[in-house]
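Participant: Quick one: the structure is below, questions incoming.
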Amino acid sequence: MRILEIDTHGYVWFGTDNLGRWFCLRPEEVEVVA
């Protein structure tokens, strides 16, 4: 899984590839882990 796109609303779209299943997380659901 990898991040495919972060749209203009800050939603993070991720999945296996552009043809596979995508998932979306709202900005408040995303945690940055350093």
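Read in order, the letters of the sequence shown correspond to residues 2 to 35 in the working numbering. Even glycine gets a Cβ: it sits at the ideal position worked out from N, Cα and C.
So what does Arg3 bridge to, in DSSP terms?
Facilitator: What you label residue 3 is simply residue 2 of the sequence shown in a count that begins at 1. Per DSSP, Gly16.
Participant: Expressed to the nearest angstrom, what Euclidean distance is found between the alpha-carbon atoms of Ile4 and Arg22?
Facilitator: Residue mapping note: residue 4 aligns to position 3 of the sequence shown, counting from 1. Residue mapping note: residue 22 aligns to position 21 of the sequence shown, counting from 1. Cα to Cα, the separation comes out at about 12 Å.
Participant: Output needed for Trp14: all residues of its chain with C-beta closer than 6 Å, excluding positions within five of it in sequence on either side, in chain order.
Facilitator: Taking the sequence shown and counting its residues from 1, one reaches residue 14 at position 13. The answer, listed in chain order, is Leu5, Glu6, Trp23, Cys25.
Participant: Under the assumption that Gly11 contacts Pro28 (Cβ atoms under 8 Å), give the Cβ distance between them as a whole number of angstroms.
Facilitator: Position 10 of the sequence shown, counted from the first residue, corresponds to residue 11. Position 27 of the sequence shown, counted from the first residue, corresponds to residue 28. Rounded, the Cβ-Cβ distance is 4 Å, consistent with contact.
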